[in-house]
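Shown next, in structure tokens, is the structure this report addresses.
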Amino acid sequence: MAGPRNWLSQVVAVTQFGILSLPQRRGSAAAATFGIAGVVAVLVGVLSVAEGFRQAMNASGSPDTALVLRGGADSEMVSGFTRDSTRIIANAPGVASGPAGPAASAELFVIINLPKLSTGSDVNVPLRGVERPALGVRDDLRIVEGRMFEWGKDEVIVGRGAAREFAGLKVGDQIKVGRYNWPVVGIFEAGGGAAESEIWSDAAVLQAAYHRGDSFQSVYVRLQSVDAFGRFKDSVTADPRLNAQVYRQTDYYAEHSTAVTKLVTTLGYLIASLMAVGAVFGALNTMYSSVSARGREIATLRALGFGSTAVVVSVMLESVALAVLGGTLGALISFVAFNGFHTATMNWQSFSQVTFALAVTPPLLVQGVVLATLIGCVGGLLPALRAARLPIAASLREL
Amino acid sequence: MKFLHLIGSNLRRKKTRTVLTLLSIVVAFVLFGFLSAIKQALTGGVVMEGANRLIVRHKVSIIQMLPENYKMRMERIPGVAAVTHQTWFGGVYQDPKNFFMQNPVVPGEFLDMHPEMLLPAEQRQAWLATRTGAVVGRSTADRFHWKIGDKVPIRSTIWGQKNGNFTWEFDIVGIYDGKEKNTDTTPLFFRYDYFDEARRGGTGTVGWYTIRVNDPGQAAEIGKLVDAEFENSAAETKTEPEGAFIQAWAKQVGDIALITASILSAVFFTILLVTGNTISQSVRERTGELGMLKAIGFTNTLVMSLVLAESCLLAVLGGVTGLAIAWLVTSRGDPTGGLLPLFYMPYRDLLVGVLFSVALGIVTGFFPALQAMRLQVAEALRKI
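And the structure:
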């Protein structure tokens, strides 16, 4: 009975044979490796779309801010409040106080059609009217080019993502809203969140342009603390003068990202699992040809007293090594090709575009390499068993 | 034909390898089938029935309403055959996840405008007679097990009734089918007169208009006339062909469709690479046999054709099997549960797939075949 050390050296020896003979089979080995690289690149690439979208939506709120919508409305687009209602909400307990009264901004949310630069066709770009406290509620907003719009004036500022993805949104351009032309005076950043897909103006100016009278669609508030949410929510929903529902901003955006991320993730896994099956066949082919090419060597070793498990393990090791190589290659390709790639898509809940950057995160890379390892294991197992069962005498006779 | 046996026994030479190669081709074409179904779902039924239909919406965006009296003004424009309108209701049935479209329409003129919606005549009569009546597409009716005679409550996220209630109740009086496969049978349509009278706010305004023109060749000019009619009014319009309008919706999703498609083609290519390599490997192993064939009088062309026929047979067999599997699976419909109502594989792509498989056979077989053709008999025989 061989000791563990002896067994290990057997594994090393057989594996060495396999690896050293790889150049003779470089065609099929390379095809299997690239096949697996392709699978991993696609899986990681598709999932990076979902991940990037989710990240943009998650960056769109902090847990100490809340959003109030009309009861029954599932997005700002279909919500509505009178000015009186927004005042009651702003003065509810739990709202932080800003330099001039409560840190609560009553806002309007509409869409305008602008051509998307990448496709040239019209898309729904969100246009938001805000009140002064908005800057206190979203404290990560800063102007990176030009200046802030002047309150009460027909001017707009544009999120960095919107300026990049849609036509006619550079500083100095004018957007046409009905019969009005509003100049773009600045570009802003907001921590990579959904606000960067938006155009902002003074709510009062937007009310006039859209004949909205003195009504709003949503109220954004900064809470005194993360824990003040419960108090604020209870008081707003219990108030008989209001018909309102309250969301923590982080929850609201997380909920809005689920439809798109679910769609993309489902498609991604569906495609990747199909491809993985194809890659397993490729790996099986490679390993079978590897085993049959080395039939004589393996038989010789077995005749010399090498154990069959050592043969199994070494064939598996070779297969997994090729797969991990392919997986790493695929993960690197997808990282280089997709990470940070800017794009925009429709957020169906808000009926408007969200710009975001694809995100190839470490967990996605790990997931890709794990998939590759699995493919390697499955693709190596059957050939390994065949190698172990090779009839020694018959194989040696071929010498 | 007499060589079929030879090709067959060559393929049976290493059964495992042949089967594995075949299976990876099958997978590649199942993937191709899915890809075309996904593309179809994302770009929608762009090949629209009505090349003669135009959509008129508010110029700034579709969420802004248009006055109902625009209908009369449009009907007076020469070349316009019919006008009807729809309004986005934004309703939810039981759970916000159960998304489908519900729009108020004027029943008679709406059905005449959309002949691709097949509604039995008696159901049409029932709809015309029932104020709170609604017709629903087959797929949504099946999804929620609705039958004619059911009362369905739908809560609008936008429209409240005068009594402050956002939940509207409709009587299902008809279930329509689609004439073509790409007719969306998820929407529910109910009566505009009921809607307009009961809604609080927005009375007398509609979402968008559909126009049918007499001569599709004149569509572009008529669209310009319509937009000119409402220029400088409070609600300016934008008119475009229905196909372009729907395509624009798909492009709102935009880049994702492009990214998915390009990644998929890349991988289709990789799987083909794996297959091509296996085929050429199997030809290399047979150098001796091919030399023998030549030695006994097979011509160069014949040897080349044999190798090509082998790779084509394998590719087409795998391709057709893969396409058939994809066809069966995609014909079961949307895998995401409601997000992609038009998920199916068009016939056109089935044909393209078959052509692809022939091309695959030729491309993967070409170099091995060339190699086989150029084989020197003496040298090849030395390897036996």
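So the protein sequences, as listed, match chains C and S. To convert, count from 1 in the first sequence and add 6; that's the numbering used here. To convert, count from 1 in the second sequence and add 3; that's the numbering used here. Where is the CB? At the ideal position from N, CA and C, for every residue including glycine.
Please state whether DSSP places residue i in a helix, a strand or coil.
i, result
"Leu114 of chain C", "strand"
"Arg289 of chain S", "coil"
"Glu52 of chain S", "Confidence in Glu52 of chain S is poor, its pLDDT being 45 and thus under 50, which makes the residue's placement too unreliable to answer from."
"His148 of chain S", "coil"
"Thr19 of chain S", "helix"
"Arg335 of chain S", "coil"
"Tyr195 of chain S", "helix"
"Trp211 of chain S", "strand"
"Asn13 of chain S", "helix"
Taking 8 Å as the CB-CB cut-off, is residue i touching chain C?
i, result
"Val63 of chain S", "yes"
"Val49 of chain S", "Residue placement at Val49 of chain S cannot be trusted, given a pLDDT of 47 that sits under 50; what the coordinates show is reported in the next sentence. For Val49 of chain S, the answer is no, since every Cβ of chain C falls outside 8 Å of its Cβ."
"Val176 of chain S", "no"
"Arg20 of chain S", "yes"
"Val277 of chain S", "yes"
"Ser308 of chain S", "no"
"Val59 of chain S", "no"
"Ile161 of chain S", "yes"
"Leu9 of chain S", "no"
"Phe169 of chain S", "yes"
"Ala231 of chain S", "no"
"Glu52 of chain S", "Note on Glu52 of chain S: pLDDT 45, under 50, position unreliable in the model; the coordinate value appears next. Not closer than 8 Å to any Cβ of chain C, the Cβ of Glu52 of chain S fails to qualify, so no."
State yes or no: is the C-beta of residue i within less than 8 Å of the C-beta of residue j?
i, j, result
"Val361 of chain S", "Lys297 of chain S", "no"
"Gly307 of chain C", "Val20 of chain C", "The question names Gly, but residue 307 of chain C in the sequence shown is Leu. Yes, the pair counts as a contact, with Cβ atoms nearer than the cut-off."
"Pro244 of chain S", "Leu57 of chain S", "yes"
"Leu354 of chain S", "Ala44 of chain S", "no"
"Glu195 of chain C", "Arg148 of chain C", "yes"
"Leu75 of chain C", "Ala250 of chain C", "yes"
"Gly44 of chain C", "Gly336 of chain C", "yes"
"Met281 of chain C", "Val321 of chain C", "no"
"Val360 of chain C", "Ala200 of chain C", "yes"
"Phe92 of chain S", "Ser159 of chain S", "yes"
"Arg170 of chain C", "His348 of chain C", "yes"
"Arg134 of chain S", "Asp230 of chain S", "no"
Quick one: which chain C residues come within Cβ less than 8 Å of residue i?
i, result
"Asn55 of chain S", "Those do not exist, as Asn55 of chain S stays about 22 Å from chain C at its closest Cβ, beyond 8 Å."
Does any residue of chain S bring its CB to less than 8 Å from the CB of residue i?
i, result
"Val116 of chain C", "yes"
"Ser356 of chain C", "no"
"Asp5 of chain C", "Residue 5 of chain C falls outside the range modelled here, since chain C spans only 7 to 405, and no answer is possible."
"Ala37 of chain C", "yes"
"Thr88 of chain C", "no"
"Gln30 of chain C", "no"
"Ser401 of chain C", "no"
"Phe155 of chain C", "no"
"Leu387 of chain C", "no"
"Met322 of chain C", "no"
"Gly100 of chain C", "no"
With distances taken from CA atoms, which of the options is nearest residue i?
i, options, result
"Gly41 of chain C", "S:Thr273, S:Phe369, S:Phe359 and S:Thr333", "S:Thr273"
"Phe312 of chain C", "C:Leu269, C:Ile398, C:Leu75 and C:Leu147", "C:Ile398"
"Lys254 of chain S", "C:Asp128, C:Phe347 and C:Ile381", "C:Asp128"
"Val225 of chain C", "C:Gly382, C:Ser81 and C:Ile304", "C:Ser81"
"Gly284 of chain C", "S:Leu25, S:His8 and S:Thr19", "S:Leu25"
"Val131 of chain C", "C:Phe357, C:Ile381 and C:Cys383", "C:Phe357"
"Ser241 of chain C", "C:Arg300, C:Gly178, C:Pro105 and C:Val101", "C:Val101"
"Asn345 of chain C", "C:Met352, C:Phe362, C:Asn353 and C:Gly333", "C:Phe362"
"Trp157 of chain C", "C:Pro369, C:Trp206 and C:Leu391", "C:Trp206"
"Asn106 of chain S", "S:Gly167, S:Trp162 and S:Leu384", "S:Trp162"
"Val232 of chain C", "C:Arg247, C:Phe222 and C:Gln255", "C:Gln255"
"Ser298 of chain C", "S:Lys17, S:Val139, S:Ser283 and S:Glu172", "S:Lys17"
"Phe248 of chain S", "S:Asp352, S:Gly82 and S:Ser64", "S:Ser64"
What does residue i touch in chain C if you count any residue whose Cβ is under 7 Å from its own?
i, result
"Gln97 of chain S", "Ordered by position in chain C, no residue passes the 7 Å Cβ test against Gln97 of chain S, which lies about 13 Å from the chain."
"Gly93 of chain S", "Val84"
"Val256 of chain S", "Thr351 and Met352"
"Ala251 of chain S", "Ser127 and Asp128"
"Ser27 of chain S", "Gly284, Phe287 and Gly288"
"Leu14 of chain S", "Within chain C, no residue comes near Leu14 of chain S; the closest Cβ sits about 15 Å away, beyond 7 Å."
Please compile the residues from chain S whose C-beta is within a distance smaller than 7 Å of the C-beta of residue i.
i, result
"Val191 of chain C", "Result: empty, since nearest Cβ-Cβ is about 20 Å, beyond 7 Å."
Residue i versus chain S: which residues are under 9 Å apart at the beta carbon?
i, result
"Val183 of chain C", "Val63"
"Phe40 of chain C", "Thr273, Leu276 and Val277"
At 8 Å on the CB atoms, spell out the chain S contacts of residue i, in chain order.
i, result
"Ser295 of chain C", "Arg20 and Gln284"
"Met63 of chain C", "Simply none; closest approach about 15 Å."
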